[in-house]
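In the working numbering, the protein residues as written are 1054 to 1705.
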């Protein structure tokens, strides 16, 4: 390394390394732990090398490290392209780039890598917290770039953070103008494909204990704004995956099987609402039972009435839909569907089969049999808990006759098994039940803790009928919330926050901010843009009006920048001593002795005395009075008064 470049590069290294590490931090929750940890270790090791004066790895060693990083990412992720694998590779290569930095040019490259990492973080997650972190990282990287550029060239006379803050403030109006009025294409930028992560939510298989584990997370699944009044709690069933295959222990969705679609016969008024769904990594859409149609652009409705999106939900999506909470199915049930929804493993849960047959015989009808099973759950010692004991392979027998402690999935799977054993077609439906009303935003918040499972039974005259055996054991779960239904010793999610009024109000306020962020930032689309223009008085806007609005907004933004710069570089006002001294300068200039821009007051005095000795006495007195009045700490106005008197009498 050339000696003349070493001090400058060494001085700016901590800036570049620190800013890059800050840009890497949001990725730690998205990539494999060893990748993020290794990248940060490489950055720390490079700082230690600089401090200790150790030699850097040679070209061969760096080449081997780079190849090894690519192979390791490929072995871990199965690829080196795509959103997840590409981000992991970028993080690791950023750490390796710091290892070889020697010049200021290398540090500039590190800054640009940091900005790429900021963009990659937003492709993964667009939450307000991530956006705030990225904004701070962007600011740090800008300050770092300014520091790197000025290191070794006299340094900065002001803080780089202050300078870059002013630059960002000046750019803010232009950024807002481009965001609001730049033409939007169909879809949205954040929906980039490539992530194969199932972020959260219900899957296509249910085993005992699965939903109880999911409900421990109090994260938001989706938010709902209703066109009219909020439906009552007993109608807030958000349908998700429908499970009709069972091996006696778990239930799952059928694999590549299609059955006839039973037409719905809705009754009563439809319920319209808008769903804003958080990323899940899956294709399941959620809606109130039952949706009678679905927009073709959104996805499709399967034969079991589940809603399936056209693509995995890797970003926040929003859709409007209509449901009928009162309905019946067209009859009769197709033979293939009846056979499929009656099938049970021949050797599984023999005691439950025997119980079902005896209860059905005693009941005398299908509806009476359903009521008898629910009564058994309600009257015998069955307990609703988030911490059920593990079940044996014959899970329904073990639950019905031994443990009798379970969550909604246990009751739904056992109830559906009993129905099938007695000859009634039945299946398990998973989804969410209930929701938290947010009065600040006027919407319902459905969280992972609202995950639920219930049963559907085919009854002649009604078709597929929802039966929720959990309501027989813990009606508080349906009419109130999960926290009210669980024993005090169970780790109910959000119980502490809900029990403290201030914390619960704060959580609702923060969620309202997150919802507004989704509506106006993450989900800002061509439709939203059109709505904004209409609110600004532009009727039926097209690309011409959009272009005019963009030009006007950019003009206002540029006017703001010009006005700010003009104000910053305006001529500074002069104080009273300087004003009298400048008057003295003008009189000398009229006599052929102008003051040069670089001359100090004492240097100017020396030149005046040399050129005009007869003015020496007055010039010395005026200069001395000026320096005293302007620079010395005085408590009265005598020096200024003396200066003004001397200047008034002076004639060159």
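Here a beta-carbon is modelled for each residue, glycine too, at the ideal position from N, C-alpha and C.
For residue 1141, same chain residues with a beta-carbon under 7 Å away, outside a window of 5 residues either side, are 1084, 1085, 1088, 1126 and 1130 in chain order. Membership of residue 1638 in any beta strand (DSSP E) is not indicated; the residue belongs instead to the alpha helix (DSSP H) covering 1629-1643.
Cβ atoms of residue 1512 and residue 1451 stay farther apart than 8 Å, at about 28 Å.
Taking C-beta atoms as the reference points, residue 1329 and residue 1571 count as a pair closer than 7 Å. Taking C-beta atoms as the reference points, residue 1536 and residue 1545 count as a pair closer than 7 Å. When rounded, the separation of the alpha-carbon atoms in residue 1569 and residue 1231 is 20 Å. It is roughly 9 Å from the alpha-carbon of residue 1494 to the alpha-carbon of residue 1564. In this structure, residue 1374 sits near residue 1344, with a CB-CB distance shorter than 7 Å. Secondary structure at residue 1534: coil, using DSSP grouped into helix, strand and coil. Boundaries around residue 1149 are those of the alpha helix (DSSP H), 1136-1152, since no beta strand (DSSP E) includes it.
No residue range can be given for residue 1453, since it is assigned to no alpha helix (DSSP H) and is classified by DSSP as neither H nor E.
Annotated three-state conformation of residue 1330 is strand, per DSSP. Nearest to residue 1264 by C-alpha distance, out of 1164, 1063 and 1459, is 1459. For the options 1349, 1320, 1316 and 1356, the alpha carbon positioned closest to that of residue 1293 is the one of 1356. Between residue 1273 and residue 1530, the gap from beta carbon to beta carbon reaches 7 Å or more. Taking a 10 Å sphere around the C-beta of residue 1704, we find fewer than 16 other C-beta atoms and assign the residue as exposed. A direct Cα-to-Cα measurement between residue 1219 and residue 1488 gives close to 44 Å. In the displayed model, residue 1319 falls within a strand according to three-state DSSP. In the three-state reduction of the DSSP assignment, residue 1587 falls in the helix class, which pools H, G and I. Under the criterion of beta carbons closer than 8 Å, residue 1539 and residue 1439 qualify as touching, at roughly 6 Å.
Around the beta carbon of residue 1174, a 10 Å sphere encloses 16 or more other beta carbons of the protein chains shown; the residue is thus reported as buried. By the C-beta density criterion, residue 1366 is buried, having at least 16 other C-beta atoms within 10 angstroms. The closest CA to that of residue 1393, considering only 1476, 1407, 1448 and 1106, is found on 1476. If you draw a straight line from the Cα of residue 1575 to the Cα of residue 1262, it is about 34 Å long.
Residue 1222 counts as exposed, since fewer than 16 other beta carbons sit within 10 angstroms of its beta carbon. Per DSSP, residue 1408 lies in no beta strand (DSSP E); the unbroken alpha helix (DSSP H) holding it starts and ends at 1403-1416.
For a cut-off of 8 Å, the C-beta gap from residue 1145 to residue 1091 is around 7 Å, short enough to register as a contact. In the three-state DSSP reduction, residue 1509 falls in the strand class (E or B).
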